[in-house]
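In the working numbering, the protein residues as written are 193 to 318.
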(Lines of atoms letter the chains of each structure in order from A; the text may use other names.)
(Lines give C-alpha, C1' and ligand atoms only; values in the text may rest on other atoms or scores of the structure.)
Protein backbone atom coordinates (compact mmCIF):
# COMPACT_ATOMS: atom_id res chain seq x y z
CA UNK A 193 0.00 0.00 0.00
CA UNK A 194 1.59 3.25 -1.10
CA UNK A 195 0.41 6.83 -1.36
CA UNK A 196 1.04 10.41 -0.42
CA UNK A 197 1.76 11.61 3.12
CA UNK A 198 -1.16 11.42 5.60
CA UNK A 199 -3.62 9.47 3.46
CA UNK A 200 -4.39 6.84 6.07
CA UNK A 201 -2.43 3.94 4.57
CA UNK A 202 -1.94 2.19 7.92
CA UNK A 203 -5.59 2.56 8.91
CA UNK A 204 -6.59 1.19 5.51
CA UNK A 205 -4.31 -1.83 6.06
CA UNK A 206 -5.77 -2.39 9.54
CA UNK A 207 -9.30 -2.32 8.13
CA UNK A 208 -8.37 -4.80 5.41
CA UNK A 209 -6.86 -7.09 8.02
CA UNK A 210 -9.91 -6.76 10.26
CA UNK A 211 -12.39 -7.62 7.51
CA UNK A 212 -10.24 -10.46 6.18
CA UNK A 213 -11.01 -12.44 9.34
CA UNK A 214 -14.49 -13.05 7.89
CA UNK A 215 -12.84 -14.78 4.91
CA UNK A 216 -10.62 -16.78 7.27
CA UNK A 217 -7.41 -15.18 6.00
CA UNK A 218 -4.44 -14.62 8.27
CA UNK A 219 -3.15 -11.11 7.57
CA UNK A 220 0.07 -9.51 8.85
CA UNK A 221 0.90 -5.82 8.46
CA UNK A 222 4.45 -4.58 7.91
CA UNK A 223 4.85 -0.89 8.69
CA UNK A 224 7.69 1.22 10.03
CA UNK A 225 6.91 3.83 12.70
CA UNK A 226 7.64 7.43 11.74
CA UNK A 227 10.30 7.62 14.44
CA UNK A 228 12.44 5.09 12.58
CA UNK A 229 11.96 6.47 9.08
CA UNK A 230 14.68 9.18 8.97
CA UNK A 231 17.39 6.51 9.10
CA UNK A 232 15.73 4.38 6.38
CA UNK A 233 16.38 4.43 2.68
CA UNK A 234 15.05 2.09 -0.01
CA UNK A 235 17.77 -0.53 0.54
CA UNK A 236 17.41 -0.63 4.33
CA UNK A 237 13.63 -0.78 4.02
CA UNK A 238 13.85 -3.82 1.73
CA UNK A 239 16.33 -5.57 4.04
CA UNK A 240 14.10 -4.97 7.07
CA UNK A 241 11.03 -6.10 5.13
CA UNK A 242 12.77 -9.35 4.11
CA UNK A 243 13.71 -9.97 7.75
CA UNK A 244 10.03 -9.51 8.68
CA UNK A 245 8.96 -11.92 5.92
CA UNK A 246 11.36 -14.55 7.28
CA UNK A 247 10.03 -14.30 10.84
CA UNK A 248 8.74 -17.55 12.35
CA UNK A 249 5.29 -16.11 13.06
CA UNK A 250 4.52 -16.08 9.32
CA UNK A 251 3.12 -19.38 8.11
CA UNK A 252 2.73 -20.59 4.52
CA UNK A 253 -0.47 -19.14 3.08
CA UNK A 254 -0.45 -16.03 5.29
CA UNK A 255 -0.95 -12.69 3.57
CA UNK A 256 1.24 -9.67 4.28
CA UNK A 257 0.21 -6.06 3.72
CA UNK A 258 3.26 -3.84 3.32
CA UNK A 259 2.61 -0.18 4.07
CA UNK A 260 5.18 1.82 2.16
CA UNK A 261 6.12 5.24 3.57
CA UNK A 262 5.54 8.13 1.21
CA UNK A 263 9.26 8.91 1.30
CA UNK A 264 10.13 5.55 -0.33
CA UNK A 265 10.26 4.98 -4.09
CA UNK A 266 7.64 2.32 -4.80
CA UNK A 267 8.79 1.46 -8.31
CA UNK A 268 12.42 1.05 -7.23
CA UNK A 269 11.47 -1.16 -4.27
CA UNK A 270 9.12 -3.33 -6.35
CA UNK A 271 11.69 -3.76 -9.11
CA UNK A 272 14.36 -4.68 -6.54
CA UNK A 273 12.32 -7.24 -4.62
CA UNK A 274 11.07 -8.94 -7.78
CA UNK A 275 14.72 -9.64 -8.68
CA UNK A 276 15.59 -11.04 -5.25
CA UNK A 277 15.29 -14.81 -4.82
CA UNK A 278 14.83 -14.26 -1.07
CA UNK A 279 11.50 -12.62 -1.93
CA UNK A 280 10.38 -14.50 -5.02
CA UNK A 281 11.01 -17.95 -3.51
CA UNK A 282 8.76 -17.16 -0.56
CA UNK A 283 6.25 -14.53 -1.77
CA UNK A 284 4.13 -13.39 -4.67
CA UNK A 285 3.34 -9.74 -5.28
CA UNK A 286 -0.40 -9.69 -5.97
CA UNK A 287 -1.27 -5.99 -6.14
CA UNK A 288 -0.15 -2.49 -5.27
CA UNK A 289 -2.84 -0.26 -3.79
CA UNK A 290 -2.36 3.49 -4.09
CA UNK A 291 -4.18 5.22 -1.24
CA UNK A 292 -5.26 8.83 -1.74
CA UNK A 293 -7.49 11.40 -0.05
CA UNK A 294 -10.16 12.87 -2.26
CA UNK A 295 -9.31 16.35 -0.99
CA UNK A 296 -5.81 16.12 -2.51
CA UNK A 297 -6.75 14.35 -5.77
CA UNK A 298 -7.17 17.47 -7.93
CA UNK A 299 -4.53 20.17 -8.19
CA UNK A 300 -6.90 23.05 -8.94
CA UNK A 301 -10.46 23.92 -9.90
CA UNK A 302 -9.83 22.88 -13.53
CA UNK A 303 -9.65 19.25 -12.37
CA UNK A 304 -6.00 18.74 -13.22
CA UNK A 305 -4.85 15.65 -11.35
CA UNK A 306 -2.30 16.41 -8.66
CA UNK A 307 1.24 15.61 -9.85
CA UNK A 308 2.07 14.25 -6.41
CA UNK A 309 -0.65 11.61 -6.91
CA UNK A 310 0.63 10.61 -10.35
CA UNK A 311 4.10 9.87 -8.98
CA UNK A 312 2.67 7.13 -6.75
CA UNK A 313 0.80 5.25 -9.48
CA UNK A 314 2.97 2.59 -11.08
CA UNK A 315 2.11 1.51 -14.59
CA UNK A 316 1.46 -2.20 -14.68
CA UNK A 317 1.05 -2.42 -10.91
CA UNK A 318 -1.59 -0.04 -9.60
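We treat Cβ as the ideally placed atom computed from N, Cα and C, and that holds for glycine.
Here residue 199 carries a coil assignment [DSSP, helix/strand/coil]. DSSP lists 290 as the beta-bridge partner residues of residue 194. In the structure shown, the three-state DSSP call for residue 208 is helix. Leaving aside the five residues that flank residue 201 on each side, the residues in its chain whose CB is nearer than 6 Å to its CB run, in chain order, 193, 195, 259, 291. In this structure, the CA atom of residue 204 is about 13 Å from the CA atom of residue 261. Taking the Cβ atoms as the reference, residue 288 lies roughly 15 Å from residue 237, outside the contact range of under 8 Å. Note on the stretch 246-291: whole alpha helix (DSSP H) runs with a minimum of 4 residues are 266-274, 277-280, in chain order. Residue environment analysis places residue 266 among the buried positions, since at least 16 neighbouring C-beta atoms fall within 10 angstroms of its C-beta.
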